[in-house]
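Student:
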Amino acid sequence: MGVATGSVPVVNVPQPEGRSERAAPERDLAVRTAHLTKRFRSGQVAVDGIDLEVPRGAVFGFLGPNGSGKTTTIRMLLGLVRPTEGRAWLLDGPMPDAGPTVLPRVGVLVEGPAFQPYLSGRRNLARLDANDATADPRTSGRRIDEALERVGMAAAAAKPFRQYSLGMKQRLGLAAALLRPRELLVLDEPTNGLDPQGTREVRVLIRELADAGTTVLVSSHLLSEIEQVCSHLGIMSRGRLLVQGERHVVMGVATPHVHVTTTTDHAPRAAEVLRRLGVGGVTREGALVHGVLDGVGPAAVSSGLVGAGVDLLGLEVRRQSLEELFVRLTGEGFDVAR
Ligand SMILES: Nc1ncnc2c1ncn2[C@@H]1O[C@H](COP(=O)(O)OP(=O)(O)OP(=O)(O)O)[C@@H](O)[C@H]1O
Ligand SMILES: [Mg+2]
103 MGVATGSVPV VNVPQPEGRS ERAAPERDLA VRTAHLTKRF RSGQVAVDGI DLEVPRGAVF
163 GFLGPNGSGK TTTIRMLLGL VRPTEGRAWL LDGPMPDAGP TVLPRVGVLV EGPAFQPYLS
223 GRRNLARLDA NDATADPRTS GRRIDEALER VGMAAAAAKP FRQYSLGMKQ RLGLAAALLR
283 PRELLVLDEP TNGLDPQGTR EVRVLIRELA DAGTTVLVSS HLLSEIEQVC SHLGIMSRGR
343 LLVQGERHVV MGVATPHVHV TTTTDHAPRA AEVLRRLGVG GVTREGALVH GVLDGVGPAA
403 VSSGLVGAGV DLLGLEVRRQ SLEELFVRLT GEGFDVAR
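If you read the sequence shown in my numbering, its first letter stands for residue 103, the second for the next number, and so on.
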């Protein structure tokens, strides 16, 4: 099947040496999907045949603009939405059938968690914990305190949920996911509604959990927010998974750019040297010359410029940001909506 999606190129990220992604043993993957597809009754294809692979131990940043299909994918993974086509496995269990055995090992933060507005944060957690047949009621109090502490909600724990700010609600959702140690955490936009300090705290928390051996699948529509904490990235656009793999490999798809600073007089000559060296897309703006280093090393650029007598005042090599990579992959801005 498959609706043609026109110009969206799929980038095949080279695999780490000696191991083909396809051949990865299933036990190494905490999350796996095969041609996972969701077509809503409206005809909308929200998720279009994705083959997601989240290795165990990874912090997998599931990135994409609003409406790209992240939440729908996560809902299918958790058995909350039935796929139109394709399959999904969580911790080796086929979903939704394996839900009862697998889901107790998974901590989840999805949109609109079932909190009672008139109960305090602490009472809400106690209620969720009591509903969890696999949780030991004798250790409930201690685990709730620890979870509240971890997300910085100890002080606000006695306040009714309805009085919480968006960020506080989000933190309580995180606390609910952390009530017990989990093998896998699935966090849908955990930084939504948090201020920069709160976002930093979530990053630190994810890092700590990952260091303790938990696999984390974390989604965000803000590329830069969680990128730094991720070992792996997957980028969604219009229901399709454009690219996935280890972060440095995915980022390696982004070609480095060179920015040369010279004098306004020398800029035309500098641009000519860059073109001659095989630098792509050379542009000039006053004393600045800019181009794409496609296989040309920065050393060759600097010696070429100096050799041609260009007054070299500065040379900087910059990798594209994820946003720029996204724009290159899709030909669109990151804030695409449908
Ligand atoms: N229940 C539904 N019925 C019809 N269409 C839906 C439904 N849920 C989602 N969609 C559509 O599916 C597409 C993907 O939505 P989804 O919520 O998965 O995106 P997202 O990547 O999580 O976006 P955001 O960053 O805004 O959370 C959107 O176009 C959305 O309008
Ligand atoms: Mg979403």
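Note that beta-carbon positions come from the ideal geometry of N, C-alpha and C, so glycine has one too.
(1) Indicate the three-state DSSP secondary structure (helix, strand or coil) for H350 in the structure shown.
(2) Under the three-state reduction of DSSP, which class applies to K261: helix, strand or coil?
(3) Given this structure, state the Cα-to-Cα distance separating C332 from E303, to the nearest angstrom.
(4) Taking 8 Å as the cut-off, does the segment 254 to 271 touch the segment 200 to 213 (at least 3 CB pairs, one atom from each stretch)?
(5) Report the residue ranges of all alpha helix (DSSP H) runs contained in full by the segment 161 to 219; include only those spanning at least 4 residues, in chain order.
(6) At which residue ranges does the segment 380 to 414 contain complete beta strand (DSSP E) runs of 3 or more residues, listed in the order of the chain?
(7) Ignore the nearest five residues each way along the sequence and tell me which others in V147's own chain have a CB closer than 8 Å to its CB.
(8) Where DSSP assigns a beta bridge to A136, which residues make up the other side?
(9) Just grab the DSSP bridge partners of T363 for me.
(10) Please name the residue, chosen from V320, A237, V345, that lies closest to N294 on a Cα-to-Cα basis.
(11) Identify whether L287 lies in helix, strand or coil by the three-state DSSP scheme.
(12) Would you report the Cα separation of L307 and I328, rounded to the nearest angstrom?
(13) Check whether the Cβ of F217 lies closer than 7 Å to any heavy atom of ligand 1, and answer yes or no.
(14) Just to confirm, does D290 get its C-beta within under 7 Å of one of the non-hydrogen atoms of ligand 2?
(15) From S170, V419, L311, pick the residue whose C-alpha is nearest to that of V362; which is it?
(16) Only counting the same chain, and skipping five residues up and downstream in sequence, which positions put a Cβ closer than 6 Å to that of L343?
(17) Which one of T175, A160, K271 has the shortest CA to CA distance from V137?
(18) Rounded C-beta distance between R282 and T316? I'm assuming under 8 Å.
(19) Using CA atoms only, rank isn't needed, just tell me which of A372, A401, L280 is closest to P206.
(20) Apart from the five residues just before and just after R371, which ones in its own chain have a Cβ nearer than 7 Å to its Cβ?
(21) Bridge partners for G223 per DSSP, in chain order?
(22) Roughly how many angstroms lie between the CA atoms of A132 and V318, to the nearest whole one?
(23) To which residues does DSSP link T357 through a beta bridge?
Tutor: This is what the structure gives:
(1) In the sequence shown, the residue the question calls residue 350 occupies position 248. It is helical.
(2) Taking the first residue of the sequence shown as position 1, residue 261 is located at position 159. In the structure shown, K261 sits in coil (DSSP, three-state: anything other than H, G, I, E or B).
(3) Here residue 332 corresponds to residue number 230 of the sequence shown, with the count starting at 1. Here residue 303 corresponds to residue number 201 of the sequence shown, with the count starting at 1. Distance between the alpha carbons of C332 and E303: 15 Å.
(4) No, the segment 200 to 213 is not in contact with the segment 254 to 271.
(5) 172 to 179, 201 to 204
(6) If we require 3 residues or more, the beta strand (DSSP E) runs fully inside the segment 380 to 414 come out as 382 to 387, 390 to 394.
(7) The residue labelled residue 147 in the question sits at position 45 within the sequence shown. Within the same chain, V147 has close Cβ partners V105, T139, K140, R141, G341.
(8) Translated into positions along the sequence shown, residue 136 becomes position 34. Answer is R189.
(9) To locate residue 363, count along the sequence shown from 1; it is residue 261. T363 is bridged to L390, G416.
(10) The residue labelled residue 294 in the question sits at position 192 within the sequence shown. Taking only the C-alpha atoms, the option nearest N294 is V320.
(11) Against the sequence shown, residue 287 aligns to sequence position 185. Of the three classes helix, strand and coil, the one that applies to L287 here is strand, per DSSP.
(12) Counting from one through the sequence shown, the residue named residue 307 turns up at place 205. Counting from one through the sequence shown, the residue named residue 328 turns up at place 226. One Cα belongs to L307, the other to I328, and the distance between them is close to 12 Å.
(13) The count along the sequence shown starts at 1 and reaches residue 217 at position 115. Short note on F217: C-beta not closer than 7 Å to any heavy atom of ligand 1.
(14) Counting from one through the sequence shown, the residue named residue 290 turns up at place 188. Within the cutoff, so yes.
(15) Counting from one through the sequence shown, the residue named residue 362 turns up at place 260. Measuring from the Cα of V362, the nearest candidate turns out to be V419.
(16) For the purposes of this step, residue 343 is identified with residue 241 of the sequence shown, where counting begins at 1. Once the five neighbours on either side are set aside, the close Cβ partners of L343 are I152, G336.
(17) Residue mapping note: residue 137 aligns to position 35 of the sequence shown, counting from 1. This sequence places His at residue 137; Val is not what is there. With distances taken between Cα atoms, H137 lies closest to T175.
(18) For the purposes of this step, residue 282 is taken as the residue at position 180 of the sequence shown. For the purposes of this step, residue 316 is taken as the residue at position 214 of the sequence shown. Between T316 and R282 the Cβ distance is about 11 Å, and since that is not below 8 Å, they are no contact.
(19) Counting from 1 along the sequence shown, the entry for residue 206 is found at position 104. Minimum Cα distance to P206 is reached at L280.
(20) Locating residue 371 in the sequence shown gives position 269, where the first residue counts as 1. Excluding positions up to five away in sequence, the list reads A410, V412.
(21) Taking the sequence shown and counting its residues from 1, one reaches residue 223 at position 121. G223 is not bridged to any residue.
(22) The residue given as residue 132 occupies position 30 in the sequence shown. The residue given as residue 318 occupies position 216 in the sequence shown. The alpha-carbon atoms of A132 and V318 are separated by roughly 9 Å.
(23) Reading the sequence shown from its first residue, position 255 is the one you call residue 357. Looking at the DSSP assignment, T357 forms no beta bridge with any residue, so it has no partner.
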